[in-house]
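Take a look at the structure set out below.
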Amino acid sequence: GEAEDTLEVVSKKQLHAFVVALGKHDSEFHKAIDCIAQLDCLVSLAKTSSSSGFQNMCRPTFVERSKSFVMMRDMVHPFLHVSQDSEVIPNDILLGGDHP
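In case it helps, this note's numbering puts the sequence shown at residues 163 to 262.
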């Protein structure tokens, strides 16, 4: 009836006013969303590294050298360890430097 129609019109006006008010703080919301997304990523990485079952999870070490290189020892992808019942074989990678 008439009361429902009036309520719907008022509700739409209030919703529109609310959206306009939020729009005035658009940049703050984007900053907050970016911070929450970064925090979510860091929490996920922390959970994965603490519950993966690996004893030797580590972060990269950056060193200054005249020739660039990448060296990784006993490298295993964490999802392989979680998703397979069989033994995972670690790999070593050495690229660049004196070993092209």
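Beta carbons: idealized from backbone N, C-alpha and C, even for Gly.
Here the structure is a predicted model, which is why all the values come from computation and not from measurement.
Separation of residue j from residue i, as counted between CA atoms
i	j	result
Ser-206	Gln-200	10 Å
Asp-167	Ser-173	10 Å
Asp-236	Leu-256	11 Å
Asp-202	Ala-165	45 Å
Contact test: residue i Cβ vs the ligand NAP heavy atom, cutoff 7 Å
i	result
Lys-229	This structure simply doesn't include the ligand NAP, nor any ligand for that matter.
Residue i versus the options, residue with shortest Cα-Cα distance
i	options	result
Val-250	Gly-258, Met-234 and Val-238	Val-238
Phe-231	Phe-180, Pro-240 and Gly-258	Gly-258
Lys-229	Thr-210, Asp-260 and Ser-212	Asp-260
Counting beta carbon pairs with one atom in the stretch 192-199 and one in the stretch 221-237, are three or more of them shorter than 8 Å? no
Report the start-end ranges of each beta strand (DSSP E) in the stretch 193-239 that is 3 residues or longer and not cut off at the edges. 231-237
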